[in-house]
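> Under full-length UniProt numbering, the very last position in the sequence shown is 479; numbers go up by exactly one each time.
Cβ atoms here follow ideal geometry from the backbone N, Cα and C, with glycine treated the same way.
Predicted, not measured: the structure shown is a model, and the values here were computed from it.
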Amino acid sequence: MTITLSQKVGEFASEFAIDGSYVQQGVKHFVDQTAQALSANMERAMPMIPSFVTRIPTGKEKGVQLAVDLGGTNFRVSSVHLNGDHTHKTVASKVAVSDDLMTGTQADFFGFLAQQVKDFLTEHHSEHFSQTEPLRMGVTFSFPVNQVALDKGYLLRWTKGYDIKDAVGKDVVELFQIQLDALDLNVKIVALVNDTVGTLLARAYASKSDDGKHKQTLIGAIFGTGTNGAYSERLKRVPKFTAANYPEVFKRYSPEHIANQTMIINTEWGSYDNDIDVLPNTKWDIDLDENTHNKSFHMFEKRISGMFLGELLRLCLLDLKSEGLLLQSTKLEGNPVWKGFGMDTSVLSFIEAATEAQIETGKGDYEKIIKAMGLAAKDITPEQVAALKPLVTAIGRRSAYLSAIPLAAITLHTHALEKFDVVDIGVDGSVFQFYPKFADMVKEAMGYVEGISVDRIDIGHAEDGSGVGAALAAYPDDS
Ligand code: ADP
Ligand code: MG
């Protein structure tokens, strides 16, 4: 008996299946790992990095600051005018970072970034060049750093597509500042923040409490090229924040003062469960990991984020091809979408968004999908594309259910629902924003967790997280 494409797709999809009890188990493990990671730094645990950001915005902040954002895909420069009433105005420019720069030398890389800042100022703020006051700049840098001050952080390792070897172990603020100074820009980097920290800050600035409810922004989360999150923590609950680890801080403040401070912690939850104690681990997850720069790290991220969902689908489709069920006579060599990591996660979004009936017209949605897949009508029929949908749904749903784990776990770990009427979570990233029903699926999964009342949790897009957030981090702090 020969197996059909639909049957095989069903088999593959079942390997990605995930349910509420799994989420509950993952949350329990995440809470345990959080406590451990706050006690000591361990090579394979979540880094749980103190951000040195101790002030959560109120929405009343005012003034103009510069912000730059290095995400997984683009470099963005912006100037942010905070109006002091939860609103802001931003002027921004964006440029893609080439593969060559992502894997070249640090001097070329940071030199390129500095040149973008110069171009931006020339175009939008030429008045700056006649002023003596330096412009304060916040840098959003979405890679793991060992932060030792608000404006000092040593790169631990690259993630996503980056691999600039001579930057690892260095203070990225210093590397960048050298290049800004070389161009004589009179711009001073005052804050280095992770994009998740910026997302939390931006959401806190924009968020208003209604009907006298006590609402607190607790988490900033990213579901984009990668995934990560930051949350607000009492330093007394961070045993590894010791005088030995942070001598500069303990020279300036008393241990009591420090213990009572609240500081945003950058979890780097992409590294949750690197040892795969509870994470699902299909053959495609294993294959995918083999072809990454950071093998056996960021195992959580590799099941969730935009850089990887397209690749999981691609690997599944290649197996369908070798089983003779798909693309039998299509030559994929040399096709950029079919090289490793060549398939964008938007392919999944497009398939998810279209109904079978729409696809089967062979028009609109079908054409859009096969184009994104780098294929032509002769390679794959509308019926075949429609047949792939259960697999896509399973990969996307697994991603969303896994994404709920850190959000629920941190809400429980901080006892936030006992302290506030409403717990607010700001999220940024294309997967969260554009993957159909992603936010709904995340909330649905959180609903399975004991102790979580989803009706008292607000999850929403943090508008311009990395731009406004970095500007807020660069805001003068008098505390
Ligand atoms: P960054 O993480 O660099 O800040 P984004 O948040 O835009 O950037 O995320 C980019 C990632 O989002 C890419 O990996 C891409 O595959 C994925 N992506 C882009 N468009 C979509 C979409 N429509 N649906 C799902 N994922 C998408
Ligand atoms: Mg981003």
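Could you name the residues of the same chain whose beta carbon sits closer than 6 Å to that of Glu-301, not counting the 5 residues immediately before and after it, in chain order?
As a first step, residue 301 must be located in the sequence shown, where it is residue number 301. The answer, listed in chain order, is Gly-226, Thr-227 and Gly-270.
> In whole angstroms, what is the alpha-carbon distance linking Tyr-231 and Ala-182?
Looking up residue 231 in the sequence shown gives position 231. Looking up residue 182 in the sequence shown gives position 182. Each residue's Cα considered, the two are about 36 Å apart.
> With three or more C-beta pairs closer than 8 Å as the rule, is the region 74–82 touching the region 447–458?
Touching, no, given that fewer than three Cβ pairs across the two stretches are closer than 8 Å.
> I'd like to know whether the C-beta atoms of Leu-201 and Leu-472 end up nearer to each other than 7 Å.
Residue 201 sits at position 201 when you count from the first residue of the sequence shown. Residue 472 sits at position 472 when you count from the first residue of the sequence shown. Result yes, Cβ atoms of Leu-201 and Leu-472 sit closer than 7 Å.
> Using DSSP's beta-bridge definition, name the partner residues of His-298.
As a first step, residue 298 must be located in the sequence shown, where it is residue number 298. Bridge partners of His-298: none, in fact.
> If you compare alpha carbons, which of Pro-47, Phe-16, Glu-43 and His-415 is closest to Thr-34?
Within the sequence shown, numbered from 1, the residue matching residue 34 stands at position 34. If we check each option's Cα against that of Thr-34, Pro-47 comes out closest.
> For Arg-223, which residues does DSSP report across the bridge?
Position 223 of the sequence shown holds residue 223. Before going on, a small fix: residue 223 reads as Phe here, not Arg. Beta-bridge pairing links Phe-223 to Thr-227.
> Who does Tyr-154 pair with in a DSSP beta bridge?
Translated into positions along the sequence shown, residue 154 becomes position 154. Looking at the DSSP assignment, Tyr-154 forms a beta bridge with Asn-146 and Asp-171.
> Please report the distance separating the alpha-carbon of Asp-440 from that of Ile-18.
The residue you call residue 440 lines up with position 440 of the sequence shown. The residue you call residue 18 lines up with position 18 of the sequence shown. The alpha-carbon atoms of Asp-440 and Ile-18 are separated by roughly 15 Å.
> Any idea if Lys-208 is buried or exposed, counting beta-carbon neighbours within 10 angstroms, 16 or more meaning buried?
By one-based count along the sequence shown, residue 208 stands at place 208. Under this definition Lys-208 is an exposed residue.
> Cβ of His-93 within 6 Å of any heavy atom in ligand 1?
Here residue 93 refers to the residue found at position 93 of the sequence shown. Residue identity check: residue 93 is Ser in the sequence provided, not His. No, the beta carbon of Ser-93 sits no closer than 6 Å to any heavy atom of ligand 1.
> In whole angstroms, what is the alpha-carbon distance linking Gly-224 and Ala-92?
Translated into positions along the sequence shown, residue 224 becomes position 224. Translated into positions along the sequence shown, residue 92 becomes position 92. Near 19 Å, if we compare the C-alpha coordinates of Ala-92 and Gly-224.
> Considering just the uninterrupted stretch of the alpha helix (DSSP H) at Ala-400, what are its terminal residues?
Sequence index remark: in the sequence shown, residue 400 carries index 400 (1-based). Run containing Ala-400: 389–413, per the alpha helix (DSSP H) assignment.
> State buried or exposed for Phe-129, treating a residue as buried only when at least 16 other CB atoms are found within 10 Å of its CB.
Along the sequence shown, one-based indexing puts residue 129 at 129. When all chains shown are included, Phe-129 counts as exposed.
> Could you pull the DSSP bridge partners for Arg-136 from this structure?
As a working note, residue 136 is residue 136 in the sequence shown. Looking at the DSSP assignment, Arg-136 forms a beta bridge with Lys-188.
> Under 8 Å by Cβ, that's how I've got Ala-462 and Val-427 pegged, so tell me the actual separation to the nearest angstrom.
Position 462 of the sequence shown, counting from 1, holds the residue named residue 462. Position 427 of the sequence shown, counting from 1, holds the residue named residue 427. Right, the Cβ-Cβ distance comes to about 6 Å (below 8 Å), so this counts as a contact.
> Does at least one heavy atom of ligand 1 sit under 6 Å from the Cβ of Gly-340?
Here the question's residue 340 lines up with position 340 in the sequence shown. For ligand 1, not one heavy atom lies less than 6 Å from the Cβ of Gly-340.
> In three-state DSSP terms, what is Phe-16?
Along the sequence shown, one-based indexing puts residue 16 at 16. Three-state result, Phe-16: coil.
> Rounded C-beta distance between Ala-357 and Ile-369? I'm assuming under 8 Å.
One-based indexing of the sequence shown puts residue 357 at position 357. One-based indexing of the sequence shown puts residue 369 at position 369. With 8 Å as the limit, Ala-357 and Ile-369 do not qualify as a contact, their Cβ atoms being about 14 Å apart.
> Return the chain-ordered list of same chain residues with a C-beta closer than 7 Å to the C-beta of Asp-424, the five sequence neighbours on each side being excluded.
Start at 1 with the first residue of the sequence shown, and residue 424 comes out as number 424. Answer for Asp-424: Arg-203, Ser-207, Lys-215, Gln-216, Thr-217, Leu-218 and Asp-458, listed in chain order.
> Can you find a heavy atom of ligand 1 that lies under 6 Å from the Cβ of Phe-109?
Counting from 1 along the sequence shown, the entry for residue 109 is found at position 109. No, the Cβ of Phe-109 stays beyond 6 Å of every heavy atom of ligand 1.
> How many Å lie between Lys-378 and Gly-20 at the Cα?
As a position in the sequence shown, residue 378 is number 378, starting the count at 1. As a position in the sequence shown, residue 20 is number 20, starting the count at 1. Rounded to the nearest angstrom, the two C-alpha atoms are 41 Å apart.
> Return the CA-CA distance between Leu-5 and Thr-159, expressed in angstroms with no decimal places.
The residue labelled residue 5 in the question sits at position 5 within the sequence shown. The residue labelled residue 159 in the question sits at position 159 within the sequence shown. Distance between the alpha carbons of Leu-5 and Thr-159: 35 Å.
> Return the chain-ordered list of same chain residues with a C-beta closer than 7 Å to the C-beta of Thr-345, the five sequence neighbours on each side being excluded.
Taking the first residue of the sequence shown as position 1, residue 345 is located at position 345. If we look at Thr-345 and ignore the five residues flanking it on each side, its Cβ neighbours are Gly-306, Leu-309, Gly-310 and Val-431.
> Helix, strand or coil, according to DSSP, for Gly-465 in the structure here?
The sequence position of residue 465 within the sequence shown is 465, counting from 1. Note: Gly-465 maps to helix in three-state DSSP.
> Please list, in chain order, all residues of the same chain as Gly-111 whose beta carbon is under 8 Å from its beta carbon, the five residues on each side excluded.
Counting from one through the sequence shown, the residue named residue 111 turns up at place 111. Counting only Cβ-Cβ distances below 8 Å, and skipping sequence neighbours, we find Gln-179 and Ala-182.
> Out of curiosity, what's the CA-to-CA distance linking Phe-241 and Pro-255?
Counting from one through the sequence shown, the residue named residue 241 turns up at place 241. Counting from one through the sequence shown, the residue named residue 255 turns up at place 255. When rounded, the distance between both Cα atoms is 10 Å.
> Look at the alpha carbon of Glu-233 and the alpha carbon of Thr-103, and state the distance between them as a whole number of angstroms.
Along the sequence shown, one-based indexing puts residue 233 at 233. Along the sequence shown, one-based indexing puts residue 103 at 103. Spanning the two alpha carbons is a distance of roughly 35 Å.
> Pull every residue with its beta-carbon under 5 Å away from any heavy atom of ligand 1, and keep them in chain order.
Cβ atoms closer than 5 Å to ligand 1 belong to Gly-71, Gly-72, Thr-73, Gly-224, Thr-225, Gly-306, Met-307, Asp-344, Thr-345, Ser-346, Ser-349, Gly-429, Ser-430, Val-431, Phe-434 and Tyr-435.
> Whole angstroms is fine: what's the gap from Leu-391's alpha carbon to Pro-239's?
In the sequence shown, counting from the first residue as 1, residue 391 sits at position 391. In the sequence shown, counting from the first residue as 1, residue 239 sits at position 239. The alpha-carbon atoms of Leu-391 and Pro-239 are separated by roughly 44 Å.
> Comparing C-alpha positions only, which one of Phe-341, Ser-329 and Gly-324 sits nearest to Asp-289?
On the sequence shown, position 289 is the one that residue 289 refers to. Nearest option by C-alpha distance: Phe-341.
> State the DSSP-derived secondary structure class of Glu-333, mapped to helix, strand or coil.
Position 333 of the sequence shown, counted from the first residue, corresponds to residue 333. It is coil, neither helix nor strand.
> Rounded to a whole number of angstroms, what is the C-alpha to C-alpha distance between Arg-157 and Ser-39?
Within the sequence shown, numbered from 1, the residue matching residue 157 stands at position 157. Within the sequence shown, numbered from 1, the residue matching residue 39 stands at position 39. Looking at the two C-alpha atoms, the distance is approximately 21 Å.
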